[in-house]
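Here our numbering = 1-based position in the sequence shown + 51.
For every residue, glycine included, the Cβ atom is placed at its ideal position computed from N, Cα and C.
All remarks here apply to the structure that follows.
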Amino acid sequence: MELSAVWKIQHFPAGLMKPYELAFPGFDDRFWISAKVPGDVHSTLIERNIIDHPYFGHNDSKSRWIEDEEWWYRGQFNYEVDEKSDERHELVFEGLDTFSTVFVNGLEVGTTNNMLMAHSFDITKIIRTGWNCIAVKFDPLRKHHEQKELFQWSSYTKERPWLRKAAMNFGWDWGPRMVTVGIWGKVRMERTRVAKLDSIFARTVNAGLEEAAILVDIDVKSYRKDQQLECEVILVDQTGEHVADEKVSLESKVGTLDLLVKSPQLWWTHDLGDPY
């Protein structure tokens, strides 16, 4: 379920405010800046006419202060929990940029240090029926790289190799330095019971006109140690028709299976055949 939360942002000098005060559900954020999620701080401030658009003139230099501040997001959302159910509730962020601490209803649930992946947090014991509060604190990047060794082989700026963040943020020959921060991906709640599919990776082993072989790796998170799990993988074509399927028992929460596709529709580049 994608969250339709009401989001607000605010900034402070790094380390000035007490995190648990700003994360407290009853904290008065009436005078904070309304924001959109997915989004980022720069886009919000541009939309609110707080900064001039950094793509024009030397406006990028005028907004450089953004990367030195500690930024906070706060969001309120309504949710329903069945107290008698064995459901587990996970809060999922598809993108957090970059060094963040996540709070739910005033309690810290985890930290992140990578803009390039999704992050999930089990909040089963914290979430409640009614209004819930999410607060996310974003540290200025310098807090996490200023003590690192600066390599000479890193062009333009030296901090980039230490940060799991979009490299062009730090300036390039075609663009200005604009270090973004914020909740750049969608936010959602996931409900699960027995297990959750963590990842699936499929790769083509070989492909011919008569047959194609595909190897599929499955990784799950199981919530019941005594539960034997089985996974079914179904491959469909453009029309939704099943072209291959297979089942596998999952041992130690992982499994691998082979899919054989008869008379596969092969993919070609436009100059060699019909793309598919």
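(1) Between Val-305, Asp-190, Ser-85, Asp-148, which has its C-alpha nearest Glu-283's C-alpha?
(2) Please list, in chain order, all residues of the same chain as Val-50 whose beta carbon is under 6 Å from its beta carbon, the five residues on each side excluded.
(3) Taking the beta carbon of Gly-324 as the centre, do at least 16 other beta carbons fall within 10 Å, making it buried, or is it exposed?
(4) Mind checking who Thr-307 pairs with in its DSSP beta bridge?
(5) Buried or exposed, going by whether 16 or more other CB atoms sit within 10 Å of the CB of Lys-216?
(6) To the nearest angstrom, how far is the alpha carbon of Thr-243 from that of Phe-82?
(7) Taking 9 Å as the cut-off, decide whether the C-beta atoms of Gln-61 and Arg-125 are in contact.
(8) How about Asp-309 and Val-256: do their beta carbons lie closer than 9 Å?
(9) Over the uninterrupted beta strand (DSSP E) stretch that includes Ser-85, give me the two end residues.
(10) Can you check whether the CB of Lys-113 is closer than 9 Å to the CB of Ile-84?
(11) Taking only the alpha-carbon atoms, compute the straight-line gap between Val-271 and Asp-133 and give it to the nearest angstrom.
(12) Between the beta-carbon of Gly-236 and the beta-carbon of Gly-161, is there less than 9 Å?
(13) Please report the distance separating the alpha-carbon of Pro-227 from that of Leu-67.
(14) For Ala-263 versus Val-312, is the C-beta distance shorter than 9 Å?
(15) What three-state label does DSSP hand His-170 in the structure shown?
(16) Hey, could you find the ends of the beta strand (DSSP E) Thr-36 is sitting in?
(17) Ends of the beta strand (DSSP E) at Tyr-71?
(18) Measure the alpha-carbon distance for Asn-164 versus Glu-72 and round it to whole angstroms.
(19) Between Leu-280 and Ser-300, is the Cβ-Cβ spacing less than 9 Å?
(20) Going by the C-beta, is Met-166 closer than 8 Å to any heavy atom of the ligand PLP?
(21) Run the CB neighbour count on Arg-139, radius 10 Å, all protein chains shown included, and call it buried at 16 or more, exposed below.
(22) When the Cα of Asp-224 is compared with those of Ser-55, Thr-208, Leu-214, which residue comes out closest?
(23) May I ask you to verify whether the segment 149-159 touches the segment 174-186, counting CB pairs closer than 8 Å and requiring at least 3?
(24) Pick helix, strand or coil for Ile-102, following the three-state DSSP scheme.
The answer reads as follows:
(1) Here the question's residue 283 lines up with position 232 in the sequence shown. Comparing C-alpha distances from Glu-283 to each of Val-305, Asp-190, Ser-85, Asp-148 shows the shortest one belongs to Val-305.
(2) There is no way to answer for residue 50, as the model of the chain reaches only from 52 to 327.
(3) Taking the sequence shown and counting its residues from 1, the one referred to as residue 324 is at position 273. Gly-324 should be labelled exposed.
(4) Residue 307 sits at position 256 when you count from the first residue of the sequence shown. Paired residues: Asp-268.
(5) Mapped onto the sequence shown, residue 216 falls at position 165. By the neighbour-count rule (16 or more Cβ atoms within 10 Å), Lys-216 is buried.
(6) As a first step, residue 243 is located in the sequence shown; it is residue number 192 there, counting from the start. As a first step, residue 82 is located in the sequence shown; it is residue number 31 there, counting from the start. Looking at the backbone, the Cα of Thr-243 and that of Phe-82 are separated by about 37 Å.
(7) In the sequence shown, the residue the question calls residue 61 occupies position 10. In the sequence shown, the residue the question calls residue 125 occupies position 74. It is a contact, given that the beta carbons lie within the stated cut-off.
(8) Taking the sequence shown and counting its residues from 1, one reaches residue 309 at position 258. Taking the sequence shown and counting its residues from 1, one reaches residue 256 at position 205. Going by C-beta atoms, Asp-309 is nearer than 9 Å to Val-256.
(9) Counting from 1 along the sequence shown, the entry for residue 85 is found at position 34. For Ser-85, the enclosing beta strand (DSSP E) has its first and last residue at 84-86.
(10) Numbered from its first residue, the sequence shown carries residue 84 at position 33. Numbered from its first residue, the sequence shown carries residue 113 at position 62. No, the Cβ-Cβ distance between Ile-84 and Lys-113 is not below 9 Å.
(11) On the sequence shown, residue 271 is found 220 positions in, with the first residue counted as 1. On the sequence shown, residue 133 is found 82 positions in, with the first residue counted as 1. Computed Cα separation, rounded: 24 Å.
(12) Counted from its first residue, the sequence shown places residue 236 at position 185. Counted from its first residue, the sequence shown places residue 161 at position 110. No, they are not a contact pair.
(13) Residue 227 sits at position 176 when you count from the first residue of the sequence shown. Residue 67 sits at position 16 when you count from the first residue of the sequence shown. Looking at the two C-alpha atoms, the distance is approximately 29 Å.
(14) Locating residue 263 in the sequence shown gives position 212, where the first residue counts as 1. Locating residue 312 in the sequence shown gives position 261, where the first residue counts as 1. Val-312 sits close to Ala-263, with the two beta carbons spaced by under 9 Å.
(15) Within the sequence shown, the letter at position 119 stands for residue 170. In the three-state reduction of the DSSP assignment, His-170 falls in the strand class.
(16) There is simply no residue 36 to check, as the chain begins at 52 and stops at 327 in what is shown.
(17) Here residue 71 refers to the residue found at position 20 of the sequence shown. Run containing Tyr-71: none in the beta strand (DSSP E); it sits in the alpha helix (DSSP H), 70-74.
(18) One-based indexing of the sequence shown puts residue 164 at position 113. One-based indexing of the sequence shown puts residue 72 at position 21. Cα-Cα distance, rounded: 23 Å.
(19) Taking the first residue of the sequence shown as position 1, residue 280 is located at position 229. Taking the first residue of the sequence shown as position 1, residue 300 is located at position 249. Result yes, Cβ atoms of Leu-280 and Ser-300 sit closer than 9 Å.
(20) Questions concerning the ligand PLP fall outside what the structure shown contains, since it holds no ligand whatsoever.
(21) Locating residue 139 in the sequence shown gives position 88, where the first residue counts as 1. Buried, since its Cβ has 16 or more Cβ neighbours within 10 Å.
(22) Along the sequence shown, read from residue 1 onward, the residue named residue 224 stands at position 173. Cα-wise, what sits closest to Asp-224 is Thr-208.
(23) The segment 149-159, when compared against the segment 174-186, does touch it at the 8 Å Cβ threshold.
(24) Here residue 102 corresponds to residue number 51 of the sequence shown, with the count starting at 1. Coil, per DSSP.
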